[in-house]
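**Student:** First to last, the protein sequences are chains A and B. Note that the working numbering has the first sequence beginning at 274, numbered continuously upward. Note that the working numbering has the second sequence beginning at 274, numbered continuously upward. Even glycine gets a Cβ: it sits at the ideal position worked out from N, Cα and C. Please read all numbers here as calculations on a predicted model, not as lab measurements.
Protein chains: 2
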Amino acid sequence: MLGGLIFNLEPALDAQLRRDAGLSLFEYGVLAGLSEAPDRTLRMSVLAAIADGSLSRLSQVVSRLEKRGWLRRTPDPSDGRYTLAILTDSGWDKVVATAPGHVAEVRRIVFDPLTKAQVQQTAAIARRILQAIAPDHDCLNDRR
Amino acid sequence: MLGGLIFNLEPALDAQLRRDAGLSLFEYGVLAGLSEAPDRTLRMSVLAAIADGSLSRLSQVVSRLEKRGWLRRTPDPSDGRYTLAILTDSGWDKVVATAPGHVAEVRRIVFDPLTKAQVQQTAAIARRILQAIAPDHDCLNDRR
DNA sequence: CTGGATCACTTGAGGGTTGAAGTGAAGGTG
DNA sequence: CACCTTCACTTCAACCCTCAAGTGATCCAG
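1) Just reading off the beta strand (DSSP E) that arginine 345(B) is part of, what are its end residues?
2) Within the same chain, show all residues whose beta-carbon is closer than 8 Å to that of aspartate 312(A), passing over the 5 residues directly before and after it, in chain order.
3) State the beta-bridge partners of isoleucine 359(B) as determined by DSSP.
4) Can you pull the chain A neighbours of valine 376(B), defined as C-beta to C-beta under 9 Å?
5) Within the 7 Å Cβ cut-off, does alanine 259(B) reach chain A?
6) Using a C-beta cutoff of 7 Å, does arginine 291(B) count as contacting chain A?
7) Can you list, in chain order, the residues of the region 325-343 of chain B whose Cβ is nearer than 9 Å to any Cβ on chain A?
8) Consider the Cβ of phenylalanine 420(B): report whether some Cβ of chain A lies at a distance smaller than 7 Å.
9) Pull up the distance between the alpha-carbon of alanine 405(A) and that of tyrosine 355(A), whole angstroms please.
10) How about alanine 310(A): is its C-beta nearer than 7 Å to some C-beta of chain B?
11) Skipping 5 residues on each side, what residues in its chain have a beta carbon closer than 8 Å to that of leucine 286(A)?
12) For arginine 316(A), I'd like the list of residues in its chain whose CB is within less than 8 Å of its CB, leaving aside the five on either flank, ordered along the chain.
13) Excluding sequence positions up to five away, which residues of its chain have a Cβ less than 7 Å from the Cβ of serine 308(A)?
14) When the Cα atoms are used, what is the spatial distance from leucine 387(A) to alanine 396(B)?
15) Taking DSSP as the reference, what is the three-state secondary structure of aspartate 287(B)?
16) Are any of the Cβ atoms in chain B nearer than 7 Å to that of proline 373(A)?
17) Select from Leu328(A), Ile323(A), Met274(A) the residue whose C-alpha is nearest the C-alpha of glycine 302(A).
18) Which residues, in chain order, does the region 377-388 of chain B contribute to contact with chain A at a C-beta distance below 8 Å?
19) Which chain A residues sit within Cβ distance under 7 Å of leucine 307(B)?
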């Protein structure tokens with residue numbers, strides 16, 4: 274019964290974003306992650322962790338988002354190995370335009386159908402399962 | 274907090290199968306679905322619903338599994354529009370060899386970390402969310 | 001019958017993801 | 001200082017998936 278969830282929840286959220294904003298869920302996660310960061314700026318590796326994807330995947334997605342004008346890259350002046358991803362004003366506008374629809378869909382699919390108790394149960398359950406998947410990976414911070 | 278789950282649980286199960294059996298989670302679902310069917314035989318469209326994938330995706334995956342000798346295809350004698358997918362003996366052996374490791378991983382990641390109450394809560398929660406995603410899609414049957 | 005609609009499935013192009021190898025910068029070590 | 005290692009990131013090829021068209025088989029109206 275978890276099976277159905279795993280296979281259908283992410284595609285459902287992805288579909289709403291593609292339909293209404295022309296963004297994949299992962300792309301949205303990247304832009305949203307940046308939008309909440311100080312100076313709307315993050316190192317690529319930090320952004321990859323926040324968006325929950327590999328650095329390789331992020332690198333290519335960021336290239337696309339950069340071509341679309343929603344962010345830009347710059348070497349970190351304090352350490353040339355790091356690359357800073359910076360949300361542009363246009364990217365900020367995109368997030369502002371996109372977030373409400375996404376949030377509404379999450380509410381519609383996840384929060385509205387559940388009781389308050391079930392929402393809390395879900396948090397506890399997710400925490401335990403994630404712990405079993407990645408024991409080290411400290412799960413104090415919520416990822417999106 | 275559901276986010277992390279959605280992004281990590283399926284990949285974790287997929288990784289175990291690829292590592293230990295050289296099968297993707299979806300490929301395993303196809304073989305396992307057939308292995309539980311009467312005569313180890315199903316119509317492609319039924320198998321697609323069981324494995325929770327599109328017909329197009331199934332068609333291509335079945336081609337690969339057929340090349341590997343784990344199943345074969347035959348037109349349905351009673352209606353030439355249907356195609357029957359039939360698990361071979363070799364495919365059966367593959368499922369028998371693969372299932373224990375997969376089941377153990379599911380247990381390790383999902384069932385062991387949860388209390389009995391949490392497992393039941395999960396079922397109720399998943400049912401409600403799935404209902405919100407696909408109101409028609411009757412959720413009486415558990416998909417894997 | 002027969003022409004068109006529908007059904008079940010297949011194919012192919014386009015695009016995204018993965019994993020391994022490559023690049024270039026920074027940090028030791030002698 | 002070289003040299004090696006490590007790090008952060010990028011690139012490339014292989015693979016997989018999706019979506020839109022294509023292919024037969026069957027059904028049905030006239």
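**Tutor:** Judging by the given coordinates:
1) Note, arginine 345(B): beta strand (DSSP E), 344-348.
2) In its chain, beyond the 5 residues on either side, Ile359 have a beta carbon closer than 8 Å to the beta carbon of aspartate 312(A).
3) DSSP, once it has assigned bridges, lists Thr314(B), Arg345(B) as partnering isoleucine 359(B).
4) Correct list: empty, because the minimum Cβ distance to chain A is about 13 Å.
5) What the structure shows of chain B is the stretch from 274 to 417, and residue 259(B) is not part of that stretch, so it cannot be assessed.
6) Not one chain A Cβ lies under 7 Å of arginine 291(B).
7) For the region 325-343 of chain B, the residues whose beta carbon sits under 9 Å from a beta carbon of chain A are, in order, Asp325, Gly326.
8) There is no way to answer for residue 420(B), as the model of chain B reaches only from 274 to 417.
9) Going by the C-alpha atoms only, they are around 31 Å apart.
10) Put simply, the CB of alanine 310(A) is far from chain B, with every gap to its CB atoms at 7 Å or more.
11) Closer than 8 Å at Cβ, skipping near neighbours: Leu298, His375, Glu378, Val379, Ile382.
12) Apart from the 5 residues on each side of it in sequence, arginine 316(A) sits with its Cβ closer than 8 Å to the Cβ of Asp349, Tyr355, Thr356, Leu357, Ala358 in its chain, given in chain order.
13) These residues qualify, in order along the chain: Leu360, Trp365, Val368.
14) As the crow flies, the alpha-carbon of leucine 387(A) is around 12 Å from that of alanine 396(B).
15) Secondary structure at aspartate 287(B): helix, using DSSP grouped into helix, strand and coil.
16) So, not an interface residue.
17) Between glycine 302(A) and the set Leu328(A), Ile323(A), Met274(A), the nearest pair of CA atoms involves Ile323(A).
18) Against chain A - using a Cβ distance shorter than 8 Å - the residues of the region 377-388 of chain B are Arg381, Ile382, Val383, Asp385, Pro386, Leu387.
19) The premise fails here: leucine 307(B) is roughly 17 Å from chain A at the closest Cβ pair, so nothing lies under 7 Å.
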